[in-house]
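Heads up: the sequence shown begins at 27 in my numbering, then just goes up one per residue. Glycine residues also receive a C-beta, built at the ideal position from the N, C-alpha and C atoms. Since this is a predicted model, take the numbers as computed values, not measurements.
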Amino acid sequence: MCRKPLIHLASAVVVALGLALVAQISLVWAAEPAPEFYDRLEQMHGHTCGGSLMGARLGFAARRALQEAGATGKVKATYYDHSCPVDGIQLAAGTTYGNRAIEVVDRDEHRLVLTPAEGPRVEARITESALDRVKPSRALAKEARKLPQGSPERAELERQVAAIFDWLRTAPESDVVVVRVLD
Ligand SMILES: [Zn+2]
């Protein structure tokens, strides 16, 4: 009996497992998340918006900073505004409400603090320039929805909103998030 197919199968499994692992790691800690992450976020959150995208960037940046600071064990998140970013944080940082791993304190601050079981806490905030850049997207999207479907005016506003979201998904981390190790 020829053993070769079995060897090929085994190496294919090893390669597939390796790829899956790399995909998993890059999904959790990459500075710039993979495009498929944002499909999952849209599905979970119900729409694409500046808030959920900002939450994702905060979550990824803070989680990676925790890892770099050598933190270990279960991570708990606190976010200081009850709004769309909370969903981006849950998915990007892996700190979910059902897992009692996120608390929301409604103080109108776009500030995330991650607290690990062992190691320093990390704080992440959205930069002022990113906030300024993202703010108009809500009014533009609202304006677009008032215009007839398929009209060139509506398409132009939708293009402007999409450009803001694309920037938010792909901009270098330091342009979007300020991360600080707290203690
Ligand atoms: Zn939203």
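Euclidean distance between Cα positions of residue i and residue j
| i | j | result |
| --- | --- | --- |
| E23 | R180 | With the chain running from 27 to 209 in the structure shown, residue 23 is simply not present. |
| G85 | P174 | 37 Å |
| R206 | R195 | 21 Å |
| P198 | R171 | 30 Å |
| H185 | W193 | The residue asked about is misnamed: residue 185 is Arg in this sequence, not His. Taking the straight line from one Cα to the other gives about 12 Å. |
| L79 | A165 | 17 Å |
| E154 | E68 | 25 Å |
| I152 | R83 | 9 Å |
| P162 | L117 | 25 Å |
| H73 | G81 | 14 Å |
| F191 | G77 | 10 Å |
| A167 | V160 | 12 Å |
| L183 | D113 | 25 Å |
| G124 | T104 | 14 Å |
| E62 | A189 | 18 Å |
| A60 | V204 | 20 Å |
| C11 | P178 | The structure shown does not extend to residue 11, since the chain is modelled only from 27 to 209, so the question has no answer here. |
| R66 | D158 | 26 Å |
Residues of its chain near residue i, where Cβ-Cβ distance is below 8 Å and the 5 sequence neighbours each way are ignored
| i | result |
| --- | --- |
| L208 | V139, P146, R147, V148, E149 |
| V101 | R89, L92, A119, G120, T121, A127, L140, T141, P142, A143 |
| H108 | V130, D132 |
| H71 | S78, C110, D113, G114 |
| T98 | P142, A143, E144, G145 |
| E169 | L183 |
7 Å CB neighbourhood of residue i in its chain, flanking five on each side removed
| i | result |
| --- | --- |
| Y106 | V131, R133, E135, R137 |
| Y64 | R195 |
Same chain, Cβ closer than 6 Å to residue i, five either side skipped, listed in chain order
| i | result |
| --- | --- |
| V48 | Because the pLDDT of V48 is 44, which lies under 50, any placement of that residue in the model is unreliable, and the number read from its coordinates should be weighed accordingly. The answer is none, since no qualifying residue turns up. |
| G96 | G145 |
| A7 | Here the chain has residues from 27 to 209 only, and residue 7 is not among them. |
| G176 | none |
Inter-residue CB distance, residue i and residue j (contact presumed, cutoff 8 Å)
| i | j | result |
| --- | --- | --- |
| A156 | V187 | Actually they do not touch by this definition, with Cβ atoms about 16 Å apart. |
message: Using only Cβ atoms and a threshold of 7 Å, which residues come within that distance of a heavy atom of ligand 1? Order them by chain position.
response: H71, H73, C75, G77, S78, C110
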